[in-house]
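I have placed the structure first, in the form of structure tokens, so that the comments after it can refer back to it.
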Amino acid sequence: MTTKIKAIVVNENQRLAFLPKYFGKRMMAAENGIYNAMSKLCASYSGAFWNYYELSNSGFYMAPALDEKLEMIVESNGYQGLLSADAAGIVASLCVINELCWLDQS
553 MTTKIKAIVV
563 NENQRLAFLP
573 KYFGKRMMAA
583 ENGIYNAMSK
593 LCASYSGAFW
603 NYYELSNSGF
613 YMAPALDEKL
623 EMIVESNGYQ
633 GLLSADAAGI
643 VASLCVINEL
653 CWLDQS
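If you want it as structure tokens, here you go:
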């Protein structure tokens, strides 16, 4: 049996705590990195309000609050295609989380 993971939008009064909770001292680098990753991966992206999500499995991500699909090009693995804004946000978030993990390697 598989359990479906639920994404819950962080409400307005909890937004200020989201970045410090998940990124700690690297919260500013993470936030800017995710916005920059989206700009690099999606040529048509020109900024948006972003929602923060917490997952029922203790995960998290950020995603732009856009209705249209976004064309994403991930040169490192050859992916090119249309993604929902939610899926595109997951991709951008994971790219930066991966980069930040390598910074703390000793």
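The sequence shown begins at 553 in our numbering and counts up by one. Ideal Cβ placement from N, Cα and C applies to all residues, glycine included.
### Query
Are the C-beta atoms of Met579 and some chain C residue less than 7 Å apart?
The structure shown contains no chain C; it is built from a single protein chain.
### Query
Are the stretch 629-641 and the stretch 574-584 in contact at 8 Å, needing three or more beta carbon pairs?
no
#### Entry: Extent of the continuous alpha helix (DSSP H) to which Asn584 belongs
Met579 to Leu593
### Task
Output the boundary residues of the alpha helix (DSSP H) element that contains Ile528.
Here the chain covers residues 553 to 658 and nothing more, so residue 528 does not appear.
#### Entry: Supposed close pair Glu651, Gly585 - CB separation, criterion 8 Å
7 Å
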